[in-house]
Amino acid sequence: MQEILFHPELVEREHGSNLLYVPDLVAWLKSKQLHLRTEPPFAGFEFVQVEALLSAIERPFHSLTDEQALALVANDDRIKADERLTSAPGWVLASNAHSAWRKTLDTAISAGELVLLDFASKMPVKGQVTPAEDAPTVFYVPMFERLMPKTEWRGGRTTDTDILTLAEAASMATKHAGTEVTQNDILRAGSRGEIPLRAIIRRTAKTEPCRANDGQLNDGKPAPAGAIPTLPLSACQALANAGIASWRTFDHYEMRDDTMYRYSRWQLTADEPDFVTVLDDCRVIGYDAHALADAFINVPAQDDAVELAPVTGDGQQTGISHKLKNRTHLMSAEIQEARGRAVNRDDPNSVWAELIKMAENKQGLLIGQSSDGLQYKGRTHQDTGVPDVLTLNALRDRMRRDKKR
1 MQEILFHPEL VEREHGSNLL YVPDLVAWLK SKQLHLRTEP PFAGFEFVQV
51 EALLSAIERP FHSLTDEQAL ALVANDDRIK ADERLTSAPG WVLASNAHSA
101 WRKTLDTAIS AGELVLLDFA SKMPVKGQVT PAEDAPTVFY VPMFERLMPK
151 TEWRGGRTTD TDILTLAEAA SMATKHAGTE VTQNDILRAG SRGEIPLRAI
201 IRRTAKTEPC RANDGQLNDG KPAPAGAIPT LPLSACQALA NAGIASWRTF
251 DHYEMRDDTM YRYSRWQLTA DEPDFVTVLD DCRVIGYDAH ALADAFINVP
301 AQDDAVELAP VTGDGQQTGI SHKLKNRTHL MSAEIQEARG RAVNRDDPNS
351 VWAELIKMAE NKQGLLIGQS SDGLQYKGRT HQDTGVPDVL TLNALRDRMR
401 RDKKR
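What follows is the structure in structure tokens.
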């Protein structure tokens, strides 16, 4: 008997590297009169990673022909109503099986019927934390730099915020770059996190925050059919490799210590099946098509540029312009301006007071204030329309680092 069925690439999913003891799993299935087929058969192992088990549940469906898959759901009205069934019936079946078994296993773990084990020690995981409970947010460090536009756009009549199909984005990027940019180039850039990929969702679905006390997606209303959210990185990678992806989390971005991190902010509720996305569903905004096209052109990065408007005696701006362009240290110009105005330029509290005034007047990238801190137009705002936030602690850290340079 082999010891562990385990896939290291799945450790970033909900149950991470946690295991189940296979004899206990077999006994539980028998007690519930449940039958579980996997590929490879899980019964040949002593332990099984929960996420590897769910992946093995999907695998038998991927080998079905379209005719075989359609025959299996001939009497299932719920699955037959899925619009993806005509183009990818095997993936629809796999997605539904994965979702149903994930919910069943999570319920059993929460009830103490199955025990999660630590990968290294094989001891029970303390507290048996399930995905429904609050857990630390996992921030993914970018392995590739986010692409930014560097030149004036020459690809056609479109704007930064226009939503383009892959074919449109590739055509316009090719025209701009003067060399061929293919749809596969776009998919590969998306899979590396160099640009965000978006996708049309074809059904209404309920969502919930991944973090306790976080805001609701769409003000708590179900995500509507026709919405075009940013795809999670795992879905982007699946689309680049296989042309189809199932997914259930919504990615978001957060600036921490001058680095843009990606994390899962919202997820489908447990009773919702996975979204299934194919290439025809994928979309790119004009800004990211421009950024990718510039990556095919050998041009130097432009200098960071922010022009702070002059301020009149009553504290009101007389004019303002700013460019994100290729700024690697967002808010640097605003902070330097605030230090110049502060009573004590080396005191973070004094500088913070000036930044608040600038935010009230919407100077530079600053657009306002919230309970979290000062809101500004950073990369998250560019991608999602949600303001980036600068906190007093972040300002202190930045000023401390600047002092050491």
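Per UniProt numbering, residue 1 is the first one in the sequence shown, and the count goes up by one each step. Note that the Cβ used here is the ideal one computed from N, Cα and C, for glycine as well. Keep in mind the model is a prediction, meaning the values are calculated, not measured.
Within its chain, find whatever has a CB closer than 6 Å to the CB of residue i; leave out the 5 residues flanking it on each side and keep chain order.
{"i": "residue 279", "result": "243"}
{"i": "residue 108", "result": "114"}
{"i": "residue 281", "result": "199, 200"}
{"i": "residue 3", "result": "46"}
{"i": "residue 254", "result": "261"}
{"i": "residue 17", "result": "11, 119"}
Looking at the unbroken alpha helix (DSSP H) that takes in residue i, where does it start and where does it end?
{"i": "residue 190", "result": "183-191"}
{"i": "residue 61", "result": "50-62"}
{"i": "residue 350", "result": "348-360"}
{"i": "residue 78", "result": "77-80"}
{"i": "residue 174", "result": "166-177"}
{"i": "residue 336", "result": "332-341"}
Of the choices the options, whose alpha-carbon is the least far from that of residue i?
{"i": "residue 160", "options": "254, 290, 372, 337", "result": "290"}
{"i": "residue 334", "options": "377, 295, 294, 105", "result": "377"}
{"i": "residue 229", "options": "85, 341, 277", "result": "277"}
{"i": "residue 239", "options": "166, 36, 398", "result": "166"}
{"i": "residue 183", "options": "236, 363, 104", "result": "236"}
{"i": "residue 363", "options": "386, 337, 33, 379", "result": "337"}
{"i": "residue 162", "options": "8, 233, 349, 288", "result": "288"}
{"i": "residue 354", "options": "372, 392, 382", "result": "392"}
Where do the N-terminal and C-terminal ends of the beta strand (DSSP E) with residue i fall, by residue?
{"i": "residue 121", "result": "Note, residue 121: premise wrong, no beta strand (DSSP E); not H, not E."}
{"i": "residue 33", "result": "Careful: residue 33 lies outside any beta strand (DSSP E) and carries neither H nor E."}
{"i": "residue 101", "result": "Careful: residue 101 lies outside any beta strand (DSSP E), inside the alpha helix (DSSP H) at 89-110."}
{"i": "residue 388", "result": "388-390"}
{"i": "residue 283", "result": "282-285"}
{"i": "residue 245", "result": "244-247"}
{"i": "residue 208", "result": "207-209"}
{"i": "residue 373", "result": "373-376"}
{"i": "residue 68", "result": "Unbroken run through residue 68 is the alpha helix (DSSP H), 66-72; no beta strand (DSSP E)."}
{"i": "residue 368", "result": "366-370"}
{"i": "residue 277", "result": "275-278"}
Contact check, residue i vs residue j under 8 Å by CB: the rounded distance?
{"i": "residue 389", "j": "residue 374", "result": "7 Å"}
{"i": "residue 197", "j": "residue 231", "result": "5 Å"}
{"i": "residue 19", "j": "residue 49", "result": "6 Å"}
{"i": "residue 177", "j": "residue 293", "result": "4 Å"}
{"i": "residue 6", "j": "residue 52", "result": "6 Å"}
Within its chain, find whatever has a CB closer than 8 Å to the CB of residue i; leave out the 5 residues flanking it on each side and keep chain order.
{"i": "residue 369", "result": "356, 359, 360, 375"}
Which residues in the same chain have their Cβ closer than 7 Å to the Cβ of residue i, if we skip the five residues on either side of it in sequence?
{"i": "residue 39", "result": "56, 59, 60"}
{"i": "residue 186", "result": "166, 169, 170, 284, 292"}
{"i": "residue 331", "result": "365, 376, 390"}
{"i": "residue 102", "result": "54"}
Three CB pairs or more closer than 8 Å across the stretch 54-66 and the stretch 153-165:
No, the stretch 54-66 does not touch the stretch 153-165.
contact_flag[the stretch 355-363, the stretch 215-223] where n(CB pairs < 8 Å) is 3 or more: With a cut-off of 8 Å, the stretch 215-223 and the stretch 355-363 do not count as touching, because too few Cβ pairs lie within range.
- Is the number of C-beta pairs between the stretch 233-248 and the stretch 85-103 that are closer than 8 Å three or more? The stretch 233-248, when compared against the stretch 85-103, does touch it at the 8 Å Cβ threshold.
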